[in-house]
Every structure is written in C-alpha cells, then in structure tokens.
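So for the sequence shown, the working numbering puts the first residue at 818; every next one is plus one. Note that CB positions come from ideal geometry on N, CA and C, so glycine has one too. One structure below.
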Amino acid sequence: MGAGGAEGLLVGAHMSIAGGVHRALERGRDVGCRAVQMFLKSSNQWAAKPLTDRDRELFAERRRSCGIAAVVAHDSYLVNLGSPDDALWRKSVDAFVEEAERARLLGIPSLVLHPGAHKGAGVDAGVARVVAALRGAFDRLAPGVAILLETMAGQGSVLGSRFEELAAIMEPLEREVAAVSSGRLGVCFDTAHVFAAGYDLRTRDAYDETMREFDRLVGVGKIGVIHVNDSRKGLGSRVDRHFHIGKGCLGMEAFSCVVNDRRFAAVPKILETPKELDGAPDGGADLGNLAALRSLFGA
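Here you go:
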C-alpha cells in the first residue's frame, strides 16, 4: 500500500471551536485532517448559546470547502448519566439531549459520550442510571445522531472501563428500544483508556485477543469512532493520561494494528493527544502524530 493509500486514511484530531463551531473544521484542514472531532459548546459549562442559522450555514460551507470527510462531536464533560443525585442526573439528561440536538442541527452523525460515574453507589446502580437516562433520551431525540459510549480508563467510580459494563448498558436498550438496534447506539474505542483499564494492545497477539474479547461481549461492528491515543501510564494503571503516538507505554505496534485493521477502514480515527510538543510550531504536535499514524499504513 503506497503513500496515496496512507493519505486516504480516515484520521484526524480533536479541534477547538474557539471563534465558532466552523473553526474546528478550518483548524483540522490546516494540519491535514480527514476527520475532526469537536465539542458543540464549552465542555466545562452547562449553558450554551443557541445555534443560529448563520452558525449552521458557516459550518456546512466550511465542511464542503475544507475537505473533512468525517465529523464527530464529543459531549460535555459535565454530563453524568450515572449520577445517583437526582437533580444532577436530570440536569445531565437534559444537557445530553440538548447536545445531541445540536449535533443533529449541524448534520454531525455521531456524538461521543462518557458513560458516567456511579459516585459510590456501585457499578450495578450506576449502569441502571445510565440505561434509564438513555432510554428517556432516545424517547426525546429525533433520529440522525448515533450515540457512542466511550471506553474508559477506570479512574475512581467511572463506568465503562470493563467491556462487560458497556454490554450491560447496551443490551437492555437494544432489547427495549427498537430504534437503537438500527445503529443509534454504539461505541467509541479509546486505545489509551482500554490499555489503562487492563486490556493489552501492544503486540499483534495482544491486540487480537483484546478485540476478540470486545467482539464477544459488545461487538466490533458497534465501534463507530476510535480515539487513537498513546498512554503515559502502564497497562492496568486505571489512570487516564494521553500521550503522543509511539512515545508512551503503548508503542507503535498497537497503532499499526489499528490503522491496518480492515474492519475499521471506514471508522474515523481521532487523536486526543497533547497539543504541545517541545520545539514544534503551533499545530506541529498534531502534524507529527498524524504523520506517525500514516507511516504505519501497510506496514
């Protein structure tokens, strides 16, 4: 597979929306992204200005002109659908529904969601809260946006670090909510998080074993986005610290497995690696990490 094939990889990075949602597309274009992930509002604030017609027009125009093949949205970090606190849980559900609607208005087909944290109530209770939240949310949402539950590192009481937990959230919804079975609920597979949670990816054999386990419990066909992040921390550390491709504890072979896995050829692969790199100009960190991923294609 030659350089042309590598240039066609569906890879990109998370980009800032400072200055308007369309700016994420421009920033992605400037570093050679074919895919872009973005927040839909400030990730650390509940409130957001409504999207205007002009916002939507600019976004659609930049999407055409910037040549971005895939756009992914990421939900706010404040949303906790697993919360045992009723007021925070209701606020989280409302905020999640609002963000999914913002994605729909912009024509973004998928929204990545952290499953939530049980805050001491226990995994089973937390999973039940997430299921109830998503069940209610799907009743309120128009079709058009797939919700992708992110695999998590397992810090504190965060849910979703074990594949069994993702299955426990998804299975009742797939049984009970007919629309979900048509692709409205899937998974965002984060390499750094999965590794920190204790699933090895560092060699071909380890990668294959982890993917077999994921397929058995959840289904690899449900992976709608892959976060391609190296990890500052080791296998099973349960610590969420992203690092540059090939420079962390995962190493290059893990990412070679990902970019050459034909099952994921049409799945956007998004960097959430640090934006800073010693001695690199602005945007240089993303450029370097994208080049590292492309260098592995066909290897």
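Assigned exposure category for residue i - 16 Cβ within 10 Å defines buried
i	result
Ala996	In this prediction, Ala996 scores a pLDDT of 46, lower than 50, which makes its location untrustworthy; the coordinate-derived value is nonetheless stated afterwards. Classification for Ala996: exposed.
Arg1001	buried
Gly836	exposed
Thr869	exposed
Ser1048	buried
Pro960	exposed
Ser893	buried
Ala864	exposed
Arg1079	exposed
Gly1115	exposed
Gly1003	buried
Ala920	buried
Gly1063	buried
Residue range of the beta strand (DSSP E) that includes residue i
i	result
Ala1082	No beta strand (DSSP E) holds Ala1082; DSSP gives it neither H nor E.
Ser893	Note, Ser893: premise wrong, no beta strand (DSSP E); not H, not E.
Asp1007	Leu1002 to Asp1007
Leu1088	Lys1086 to Leu1088
Met855	Ala852 to Phe856
Ala963	Ala963 to Glu967
Leu930	Ser927 to Leu930
Straight-line Cα distance separating residue j from residue i
i	j	result
Leu930	Cys1005	8 Å
Gln854	His1044	10 Å
Pro867	Arg957	18 Å
Leu895	Asp911	12 Å
Leu1113	Ala823	8 Å
Ala820	Lys908	Confidence at Ala820 is low in this model, with a pLDDT of 41, below 50, so the placement of that residue should be treated as unreliable; the coordinate-derived value is given next. Cα to Cα, Ala820 sits roughly 48 Å from Lys908.
Arg871	Gln862	22 Å
Glu941	Ala949	This sequence places Asp at residue 941; Glu is not what is there. Using only the alpha carbons, I get a separation of about 12 Å.
Phe856	Ala890	6 Å
Arg844	Arg873	17 Å
Ile1040	Ala904	31 Å
Ile964	Arg992	16 Å
Lys936	Gly953	21 Å
Ser882	Gly939	48 Å
Arg846	Arg879	10 Å
Val962	Cys1066	34 Å
Leu990	Leu951	8 Å
Val947	Val1075	29 Å
Cys850	Asn1077	18 Å
Glu1107	Val1084	First, the amino acid is wrong: residue 1107 is Leu here, not Glu. Going by the C-alpha atoms only, they are around 16 Å apart.
Gly825	Arg1055	34 Å
Ser860	Tyr1024	32 Å
Phe876	Leu923	7 Å
Leu966	Leu1104	27 Å
His1061	Lys858	26 Å
Trp906	Phe1081	34 Å
Phe955	Glu988	15 Å
Terminal residues of the alpha helix (DSSP H) in which residue i lies
i	result
Leu1107	Gly1101 to Ser1112
Gly825	First-last for Gly825: undefined, no H or E at that position.
Lys908	Asp903 to Leu923
Gly937	Unbroken run through Gly937: none, as it is neither H nor E.
Met987	Phe980 to Glu993
His839	His839 to Asp847
Ser1117	Residue 1117 falls outside the range modelled here, since the chain spans only 818 to 1116, and no answer is possible.
Ser1073	Met1069 to Val1076
Residue j beta carbon less than 8 Å from that of residue i
i	j	result
His831	Glu1089	yes
Lys1086	Ala886	no
Thr968	Val1037	no
Ser927	Val1042	yes
Val828	Gly1100	no
Ala985	Val944	yes
Gly1057	Ala1013	Rather than Gly, the amino acid found at residue 1057 in this sequence is Asp. Against a cut-off of 8 Å, the Cβ pair of Ala1013 and Asp1057 comes out as a contact.
Ile834	Val888	no
Ala1102	His1059	no
Gly1051	Gly1015	no
Min CB distance residue i to chain C below 8 Å
i	result
Leu958	Here chain C cannot be found, since the structure has a single protein chain.
Note to self: Does the contact criterion of 3 or more C-beta pairs under 8 Å hold for the segment 914-922 versus the segment 1018-1032?
What the structure shows: no
Note to self: For the structure I just gave you, are there three or more beta carbon pairs, one from the segment 837-849 and one from the segment 893-903, closer than 8 Å?
What the structure shows: no
Note to self: Under 8 Å: do the segment 928-944 and the segment 965-985 share three or more Cβ pairs, one atom per stretch?
What the structure shows: yes
Next item on the list: Examine the Cβ distances between the segment 1014-1026 and the segment 1068-1075 and report whether three or more of them are shorter than 8 Å.
Entry: yes
Notebook entry, point to check: Okay, do the segment 1030-1040 and the segment 978-988 touch, 3+ Cβ pairs below 8 Å being the bar?
Noted result: yes
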